[in-house]
Amino acid sequence: MANKLSNQDRKELDKFTKFLVFKAAQIIVQSRLGEKVSTQCKPQTTGTDWFNLAVPDLSDVLDETKKAFNGELSLPVCVEISLHTVDGDKMVLECWYVGIIPRFFQQRDSSIRIMPTVYNRMGILLKSLVSVTRVTPAYKLSRRQGSDSYVICYRMYVDEPQLHNLGDGVKHVRVGQICTPIGTLQLSLAYRTKMTISPTQTGRDNTIILKSDHFNTNLSPRHTRYNKIEENISLSDTMKIGAFADTKKSMVEPELIIPNIQFSKLFSEKLSPPSVVVENEVKSTLKEDASDHQNGNSQSDKRTPTITMMSTNDDFIMVELKTPFASVNANSELSMFYQEWQAAPPLKTFNEVPTLAEQDLAKQLETFESDMQTYDDVLKSLCSQSPNNN
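Read in order, the letters of the sequence shown correspond to residues 1051 to 1440 in my numbering.
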């Protein structure tokens, strides 16, 4: 039982437990540095190689461990691994903790010393810890850390593990346990499974301060940008008065006045045709449609050129014709030809549309059969007049 433990064994057990915690902290922190650790084996061990493990001690980790114990060994002790981003966000990844369970080891034979067995089992527990630290999700994150994205940090404290910082879906792993005369020494792990940083965890204030007239439409840039007065510029204006000039003096000279533009008629407004002519054309078109429907013929193809010519005449702006190298007389031959070409009548092909009876295929075949004798006579006459006919 625990009360049968001698003072020397109690001192040895406390010393073994102390160095177990020190080496466990070194193994956990060194596995999260983001570097691959390779240690050469030693054929002969020294007094500093506790538990037959060649794990070098980092001075920073050793100082943090001593600071957490504050001169005396007290359990449970926790090593917390967290992730810090460049934006200031923080997320706890895992929590390693060593504690004592009040379950005593009963020794059957008092003559056998239990301390060597406990020491060897502590060495096996640390070797298992080296393997377990490389299989958790935090190990993969530590290998990808960088100063431009995120870094892995650690924190050591002597208290119960704060598992609420790991979020939902926490997984627990028992690395190992050792039965000792003072209780069962247990090394456990709890790690995060959801790797999502909550927006509420950020320490920055992203709120925007708005003024009372922030959305005032009268101060909007669009309101003042597009409501500009259009300036009308005329080509017939005279020379403007320059800067620092005397406005009382008249700078207008007859030589500086720009004459009227030769093609100013092109800018005149489009004249609409007389309404009487349009009404007459519409009435004539309706009469033609009524007569065509009575005959059973469609005159849509016939009216298309007329409409095209009308739209062309409407869109055309009549300009005073001055033909180069021609006489000034408007009744000259070239001027009359140009006017006739401009108002050319539609082709007769579109006016003479065959009837439905003429378009019937059966009627066309009967016509060809009746004219077959005429075709034969024409062929005979051509063959008789050919000089190559034998």
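Glycine included, C-beta positions come from ideal geometry on N, C-alpha and C.
This structure is a prediction, so every number in the text was calculated from the model and none was measured.
Straight through space, the alpha carbons of I1164 and M1206 are spaced by roughly 30 Å.
By the Cβ neighbour-count rule, I1174 is exposed, with fewer than 16 other Cβ atoms within 10 Å of its own.
In this model, S1199 and L1083 are separated by some 15 Å (Cα to Cα).
In the three-state scheme derived from DSSP, where H, G and I count as helix and E and B as strand, K1398 is classed as helix. For L1133, the enclosing beta strand (DSSP E) stretches over residues 1127-1135. Spatial neighbours of T1089 in its own chain (CB-CB distance under 6 Å, excluding positions within 5 residues in sequence) are listed in chain order as A1104. Between T1230 and L1143, the alpha-carbon positions lie close to 31 Å from each other.
E1144: member of the beta strand (DSSP E) spanning 1140-1151, first to last residue. Each residue's CA atom was taken as its position, placing C1145 and Y1241 some 6 Å apart. Under the DSSP assignment, Q1094 falls outside any beta strand (DSSP E); it carries neither an H nor an E label. Close CB contacts of V1182 within its chain, under the 6 Å cut and outside five residues either way in sequence, are with V1225 (chain order). For M1206, the enclosing beta strand (DSSP E) starts and ends at 1200-1207. DSSP, read as helix, strand or coil, puts S1238 in strand. Here the C-alpha atom of A1074 lies approximately 17 Å from the C-alpha atom of S1132. Distances from the alpha-carbon of P1126 to those of Y1147, L1112, K1117, V1111 put Y1147 closest. Taking C-beta atoms as the reference points, F1069 and T1115 fail to come closer than 7 Å. Under DSSP, T1230 shares a beta bridge with G1233. The C-alpha of D1107 lies about 19 Å from the C-alpha of G1121. Bridge partners of K1221 according to DSSP: Y1241.
Bridge pairing for G1173: absent [DSSP].
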